[in-house]
Amino acid sequence: MFVSTTLWRASLPGLLLTLAGFFAAPVVHADESIDAQRAAFKQAYATAQQQGGDGWRSQASGLRDYPLYPYLQAAALEHDLKQTDLATVQSYIKQYPDWIPAADLRRDFLLELARRQDWNGFLVLYQPDLGDALTCDALQAKLSRGTTLDFDRDLSDLWSKASLPDACDPVFSAAHDQGLLTSTRLWSRIDRAADAGQANTISKLAGWLPSEDKATAKQLALALRDPSSAVAAAPSWPDTARARQAATLALTRLARRQSDSADTAWQNLQTHFAFSESQRDQILRTLALFHATDFDENALTRLIDLPAAAQSDSTREWRARIALAEQDWSAVLAAIAAMSDTQKLDGEWRYFRARALTALNRNDEAQPVFATLAKEATFFGFLAADKLDQPYAICPLQLADDPQREQELLNRPGLLRAFELYAVNLPKLARREWNRALQGDDQTTQRLAADLANQRGWYDRAVFTLTSGDALRMYDLRFPLASQDGVVTQAQQAGIEPAWAYGILRAESAWMIDAHSGADARGLMQLVPATAALVARSNGLNWDGGDTLYDPAVNITLGTRYLAQVASHYNGSPWLGSAAYNAGPNKVDQWLAARGTLAPDLFVASMPYKETREYVARVMAFSVIYDWRLNGKAVPLTTRMRPIGQTYELPNAMTVKRTIDCPASAVVNKPESIPTPMPAITPATSSSTPGSSP
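At position 618 of the sequence shown the residue is numbered 701 (our numbering), and the sequence of numbers has no breaks.
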């Protein structure tokens, strides 16, 4: 389909209808006029962002009716923020009052006015609910006019937060000078900060406490910052309620890092302090839990002997994990029996209950458990199907066509802007327009929109939209193949299984091309630039810097090579390679040295990092689904998860694969073990670095 230049230069309503027509059908050859518009926009946008001023206007002379044209002026104004005046900003906001760039410009210029301390201009432009920093700036602006603070009206909401931006410091100083920050109020916020691990907040507040309380508050801050020093100093502290609070905090935090040191400190401090029953339970629970994650010799006994009040879902879970690692099958059954009803229903514990029953030759009891679990499209469901040598239960569902509603969606200016922003490689802005355009819509509408996005190569929208109910069965949308990005070809060239590469990619970024983690991992397969550079060098590939990792082709090429490198360290094993990809080879090697004789499912269950356990299960389940999507059948998980030390051979024509079936009584579940959208992934964030939580 071709759209004439005349139509593109029509009025905005006409343009939107034109774009709607363009987007309404699959496009094989990109429309030349649209390509030209997008190319011109990219050039003008780069100029506006990098140079500001009016230089972009000559490059955008033919774009006045292009849907994203207002983004250009906003980008230039953002660049020139320190030189821009209030009237210019107000003019833009008045012209585009409901646009995202106008909201951003308002917020950013308010921050600039606060920096200038132009409080009169600030109050002219200010609107509530723009974030804590601007809320505090607004209070400071009012203070500049001689306004007296009222705690309930002005501060109570802010005061309830454990951490606040520096912009709030002058406001709280004024509140202190006005006598509003009583000891009771100070301690209430200190307690919240202690619970949230905010040592800096405690240190700031301590200065306003009466002199006799300052040292106590500093003990809490020390417990958070340096628990080892805190427990060393604790014997000199008086046995007061606050000192016991700090000692409890120090012991529990030390246990996470050095369980043996915390144990020794506990033996010393429990005679010095009259800990409350709840504090003792908290300390005992934490000690037992982290001795368990360290796989200490007496970990199982400690967990079993915990007082009932000290037990938690985590301690009951780790009681089972330790028993599994010791292959004490009676203890496994006892541990699962001691779990809460909710825990018992989890697929992992139903699987291991059946596993334990089988090991104890109670097959008649185990078979029905496996049979029920095998109807679920999950990691443990697939393992159960392997135990029974049954087909995998995957029940795909296609989204019903609804051309009329699709056309209605394509007529929405906000959604068209979202598609255009994605087309010009501004995915973060595209997601914001998407979210605003579909806010409050029903699931059917959101699913249709996700399908429209998928047709345009914007795959992450379906992954983040189809997260519940029957939508989980829309495997073609939730697990896109996107072969044009070269996954199959690059995986084959790297010598790894394409289904595994897809599984890693899907787990790492959920198909967000601009995913970025706190550890600076970037792009679809979440590579750190330093690692990517080494992989490129060792494979004779070009390397043009970290930002190229946001290019899917570059990311996939380097990511598949790195996967091959990691897997080769473990005899080609995809499941151990997945663990190392998440936790790092050093950690996996440590675990192998301690428990390398365990069967793969038991080894995964015994991994100390919760994130890594779930990651391996998620990637392996995704690999099954992608294998099915690519080949119609799937390599069994038990084949893909070869015992430790055995070589994994890539599938070939002789490899026995498991068929896919949809039993009438199938239970449809997610194949991942944590919710999607994945909590670690944001437009600029992904979590590839495991925490220490069990």
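Backbone N, C-alpha and C define an ideal beta-carbon position, used for all residues, glycine too.
Computed from a predicted model, the values in this text were never measured in an experiment.
task: Could you tell me if the beta carbon of G728 falls within a distance shorter than 6 Å of some heavy atom in the ligand NAD?
output: The model on display carries no ligand, and the ligand NAD is accordingly not part of it.
Check: What are the start and end residues of the alpha helix (DSSP H) that includes F255?
Finding: D252 to D260
Query - Rounded Cβ spacing between L367 and D346 (contact assumed at less than 8 Å) - result: In fact, because the Cβ distance is near 11 Å, the residues do not count as touching under 8 Å.
Exercise for the section: Look at the alpha carbon of C478 and the alpha carbon of I708, and state the distance between them as a whole number of angstroms. Expected result: 11 Å
Q.
As a quick exercise: from L480, W182, R696 and D424, pick the residue whose alpha carbon is nearest that of Y152.
A. W182
Of all the options L193, D534, I387 and R445, which has the alpha carbon lying nearest to the alpha carbon of I419? I387
*Just reading off the alpha helix (DSSP H) that W412 is part of, what are its end residues?*
W412 to A420
Check your understanding: Touching or not, the stretch 317-337 and the stretch 298-306, by the rule of three or more beta carbon pairs under 8 Å?
Key -> yes
*Relative to the C-alpha of H810, which residue among L610, R589 and A590 is closest?*
Missing from the structure shown is residue 810; the chain here goes from 84 to 777 and no further.
- What are the residues that DSSP puts in a beta bridge with Y475? I743
TODO: For the alpha helix (DSSP H) holding P310, just list the boundary residues, first then last.
DONE: P310 to A316
### Message
Can you find the residues in the same chain that come closer than 8 Å, C-beta to C-beta, to S266, ignoring five residues on each side of it along the sequence?
### Response
L292, P293 and D296
Using the beta-carbon count (16 or more within 10 Å), is N625 buried or exposed?
-> exposed
How many angstroms separate the CA atom of G136 from the CA atom of L560? 43 Å
For this session: Indicate the three-state DSSP secondary structure (helix, strand or coil) for A717 in the structure shown.
Result: strand
Can you give, in chain order, each stretch of the alpha helix (DSSP H) that sits fully within the stretch 674-725 and has at least 4 residues? 683-688, 693-714 and 720-723
In or out: N638 buried (at least 16 other Cβ within 10 Å) or exposed?
buried
How about the stretch 661-679 and the stretch 688-701: do they share at least three Cβ pairs that are nearer than 8 Å?
yes
- Item | Nearest-angstrom Cα separation, counted from A277 out to I285 | 7 Å
task = Excluding the 5 residues preceding and the 5 following R515 in the sequence, name in chain order all residues of the same chain whose CB lies nearer than 7 Å to its CB.
result = I183
Spell out the partners DSSP gives L610 in its beta bridges.
R605
Rounded to a whole number of angstroms, what is the C-alpha to C-alpha distance between R678 and R436? 21 Å
Presumed contact (8 Å Cβ cut-off) between M703 and W658, rounded CB distance: 6 Å
(Q) Going by C-alpha to C-alpha distance, which of E732, L238, C219 and A127 sits closest to A158? (A) A127
- Message: Distance check for Q426 and D377, CA to CA, integer angstroms please.
- Response: 23 Å
(Q) Let me make sure I understand the geometry here. Which of L264, A375, D252 and G214 has the alpha-carbon closest to that of D235? (A) L264
From what residue to what residue does the alpha helix (DSSP H) around E448 run? N446 to L456
*Check whether the Cβ atoms of H652 and P668 lie closer than 7 Å to each other.*
yes
* To do: Report yes or no: is there a C-beta of chain C within less than 7 Å of the C-beta of D484?
  => Absent from the structure: chain C. Only one protein chain is present.
| So F234 is in the alpha helix (DSSP H); what residue range does that whole segment cover? | Looking at the DSSP string, F234 is not in any alpha helix (DSSP H), and its letter there is neither H nor E.
Do three or more CB pairs link the stretch 542-556 to the stretch 611-624 at distances below 8 Å?
no
With a threshold of 8 Å on Cβ separation, who are the neighbours of A326 within its own chain once the five nearest residues in sequence on each side are excluded?
T299, Q302, A317, W320 and F356
task = Name the residue from D630, L512, F562 and S116 whose alpha carbon lies nearest to the alpha carbon of D603.
result = D630
ask   = Under a Cβ-count criterion, where at least 16 other Cβ atoms within 10 Å of its own Cβ denotes burial, should Q350 be classed as buried or exposed?
value = exposed
- Would you report the Cα separation of A392 and P719, rounded to the nearest angstrom? 42 Å
Which complete alpha helix (DSSP H) runs does the stretch 122-187 hold, if anything under 4 residues is left out? 138-142, 152-162 and 169-178
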